[in-house]
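Remarks on the structure that follows.
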Amino acid sequence: MAEAIFRHQITSTAAATAPSAPKFSTIDSAGTGAYHVNSQPDPRTMSTLRDHGITSYTHAARKIRRDDFFAFDYILAMDGDNLDDLMHERGRAVGRGKGGKGGKGDGDGDGDGHVAQVRLMGDFLPDGSVVEKVGGGEEVGDPYYGGKEGFEVVYRQLVRLSGGFMKFLERQGDVEN
């Protein structure tokens, strides 16, 4: 759901139509476990998105890959357990490098020193500021085991947090113009 909301926000806001609107090269989502690989989003997710005018989202679940830590600038977790898993995987990826590049380097495997920042989605506040401690922000609950109303709660939370993340990126200049 977070990917769909963020994509929608960056293409449909008034700011998105301005000449100086930020451009994002790649937005993706992945899980820390492989139990839903190739599955479509939960029907309640899709229903909630449709209720809010997001009708063209398609996605097949995938598990995070080592290369993701070198391909993306930010990898955002929804909760503390997933953040812990991602931090562990990031450490393993950095320790092993990207593979196939050869040679000596800084240990990140891509030769340019770039490794994704891993944080909670809730570390980015609605005003564009960020909590100092990684993982110190708000967690996004998993609505899967509840009813449809839980998906609506998560939708509203993700709209707010995605907006804060976008404002943070604009302030940092971490978007392509």
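For the sequence shown, the UniProt record's numbering begins at 1 and goes up steadily by one. Note that CB positions come from ideal geometry on N, CA and C, so glycine has one too. If you're wondering where the values come from, they're calculated on a predicted model, not measured in any experiment.
Does the Cβ-Cβ distance between Y155 and H52 come in under 9 Å? Against the sequence shown, residue 155 aligns to sequence position 155. Against the sequence shown, residue 52 aligns to sequence position 52. Going by C-beta atoms, Y155 is nearer than 9 Å to H52.
Cα-Cα separation between K104 and R96, rounded to whole angstroms: Position 104 of the sequence shown holds residue 104. Position 96 of the sequence shown holds residue 96. Because K104 sits at a pLDDT of 35, beneath the cut-off of 50, its placement in the model cannot be relied upon, and the following sentence gives the value as read from the coordinates. Each residue's Cα considered, the two are about 12 Å apart.
Do you know how far the Cα of A71 is from the Cα of G109? Position 109 of the sequence shown holds residue 109. Position 71 of the sequence shown holds residue 71. For G109, the pLDDT reaches just 46, beneath the cut-off of 50, and the residue's location in the model is therefore unreliable, although a value from the coordinates is still provided. Roughly 11 Å separates the two Cα atoms.
So, with DSSP's three-state summary, where would you put E138? Locating residue 138 in the sequence shown gives position 138, counting from the first residue. Strand, per DSSP.
What number of angstroms, rounded off, separates the C-alpha of E132 from the C-alpha of A2? Translated into the one-based positions of the sequence shown, residue 132 becomes position 132. Translated into the one-based positions of the sequence shown, residue 2 becomes position 2. Their backbone Cα atoms lie some 22 Å apart in a straight line.
Note down, in chain order, each residue of its chain lying with its Cβ closer than 6 Å to the Cβ of T11, except the 5 sequence neighbours on either side. Mapped onto the sequence shown, residue 11 falls at position 11. Correct list: empty, nothing qualifies.
Alpha-carbon spacing of G137 relative to R119, whole angstroms: Counting from one through the sequence shown, the residue named residue 137 turns up at place 137. Counting from one through the sequence shown, the residue named residue 119 turns up at place 119. If you take the alpha carbons of G137 and R119, they lie about 9 Å apart.
Give the straight-line distance between the Cα atoms of R90 and F69, rounded to the nearest whole angstrom. Against the sequence shown, residue 90 aligns to sequence position 90. Against the sequence shown, residue 69 aligns to sequence position 69. About 6 Å.
With a CB to CB cut of under 8 Å and the five nearest residues on each side skipped, what residues in its chain are close to R160? Against the sequence shown, residue 160 aligns to sequence position 160. So the list reads P126, once near-sequence residues are dropped.
Less than 8 Å between the CB atoms is what I'm expecting for R44 and F151, so what's the real figure, rounded? Stepping through the sequence shown from its first residue, residue 44 is reached at position 44. Stepping through the sequence shown from its first residue, residue 151 is reached at position 151. Yes, R44 and F151 are in contact; Cβ-Cβ is about 5 Å, under 8 Å.
Secondary structure at G31, three-state DSSP: helix, strand or coil? In the sequence shown, residue 31 corresponds to position 31, counting from 1. Correct three-state label for G31: strand.
Beta-carbon proximity check, M78 vs D142, cutoff 9 Å: As a first step, residue 78 is located in the sequence shown; it is residue number 78 there, counting from the start. As a first step, residue 142 is located in the sequence shown; it is residue number 142 there, counting from the start. Contact flag set, yes.
For S162, the nearest candidate out of G128, D73, R171 (CA to CA): Looking up residue 162 in the sequence shown gives position 162. Checking every option, the nearest Cα to that of S162 belongs to G128.
Within the same chain, show all residues whose beta-carbon is closer than 8 Å to that of I64, passing over the 5 residues directly before and after it, in chain order. Counted from its first residue, the sequence shown places residue 64 at position 64. The answer, listed in chain order, is A30, G31, T32, I75, L86, E89.
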